[in-house]
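Residue numbers (the numbering used here): 246 to 496.
Backbone N, C-alpha and C fix where the C-beta goes; we use that ideal spot for every residue, glycine too.
Worksheet for the structure shown next.
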Amino acid sequence: MDRVLYIVNAEHEANTYIPPHQHECFELVYYIHGQGTCSIGPRSYHFRPNSFGLIPPNFKHDENHQPSPEVLFVGFHCGNPIINSLSGVFDDDKEHTVLQTLQRMNEEFKRKRDGFAELLNLQMSEITVYLQRLLSASDFHSPAEDQMQYVLNYMNEHYRHKLSVATLAEMSGYSYDRFRHLFKERFGESPHRYLLLKRLDYAKSLLLHTQMHISEVSAAAGFVNDAQFCNMFKREIGLSPRTFRTSSKVM
């Protein structure tokens, strides 16, 4: 049977680093607000709002928070053998099932009414059953695959800035070559080409919907210089940026 040992709702200052430590129990850390990186055992992960980390007993883990974070975490002993082999960072579902259950548990813990300990244990079992369902879902991705999704999310948010494949590989926890292979296998394009296509799509939107100069479009879309932008645009789109803008207006 699952048994809850503690549950804590905490807020940290921005750029808080929690150094490596470990517990003799399972710990589930829910990231309500904020984002950053963490290590669980030998693996590194990226977390964001409405994701949660699951840390097995005696696994060293740390956290590096960027914006001001709010977390809700619970320590527990787990009687489910399937969960005993699970670690990593996962996304909650659209209904925020894990968060809602944790919030009910936190309220129960603060009130400490008769039978609260038994109720906390039952609610924790709800979460472990949910995690078991998560594992068996057809669209479930392992923590390693989830980490690739986090890298993709990061690329989608920051593609207009300078991003190196080496930095993205480090974020994923894989070697440079392994990261490139896994990324292309999962998303159909190499990391470099994926970024290029994102930047070109954004540049096309700027050319169509703004009066920005070509050099301004180039810089805004994340290209190194105008020459690189024009060459890449012509190669991929078949027209120069200026011709693309003019021909689109005619149409």
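The C-beta of Tyr-275 has 16 or more other C-beta atoms within 10 Å across all chains shown, which makes the residue buried. Only residues of its own chain outside the window of five on either side were considered, and among them Glu-256, Ile-277, His-278, Gly-279 have a CB closer than 7 Å to the CB of Glu-315, listed in chain order. In the three-state reduction of the DSSP assignment, Tyr-419 falls in the coil class, being assigned neither a helical nor a strand state. Closest in C-alpha terms to Leu-299, from the list Phe-271, Pro-312, His-322, comes Phe-271. Counting the other Cβ atoms within 10 Å of the Cβ of Gln-368 gives 16 or more, which makes it buried. The Cβ atoms of Lys-305 and Gly-320 lie no closer than 8 Å to each other. For Ile-482, the enclosing alpha helix (DSSP H) begins and ends at 471-482. Minimum Cα-Cα distance from Asn-401 among the listed residues Asn-351, His-426, His-437 corresponds to His-437. Cβ neighbours of His-406 within its own chain (closer than 7 Å, five residues either side excluded): Gly-467. Using a Cβ distance threshold of 8 Å, Met-477 and Leu-445 count as a contacting pair. Only exposed fits Ser-450, as fewer than 16 other CB atoms lie within 10 angstroms of its CB. Membership of Thr-282 in the beta strand (DSSP E) is indicated by the continuous run 281-285. Just measuring C-alpha positions, the residue of Ala-259, Val-253, Leu-441, Ser-417 sitting nearest His-291 is Ser-417. Annotation: the continuous alpha helix (DSSP H) that includes Pro-436 extends over 436-454.
Here His-454 is exposed. Its C-beta has fewer than 16 other C-beta atoms within 10 Å.
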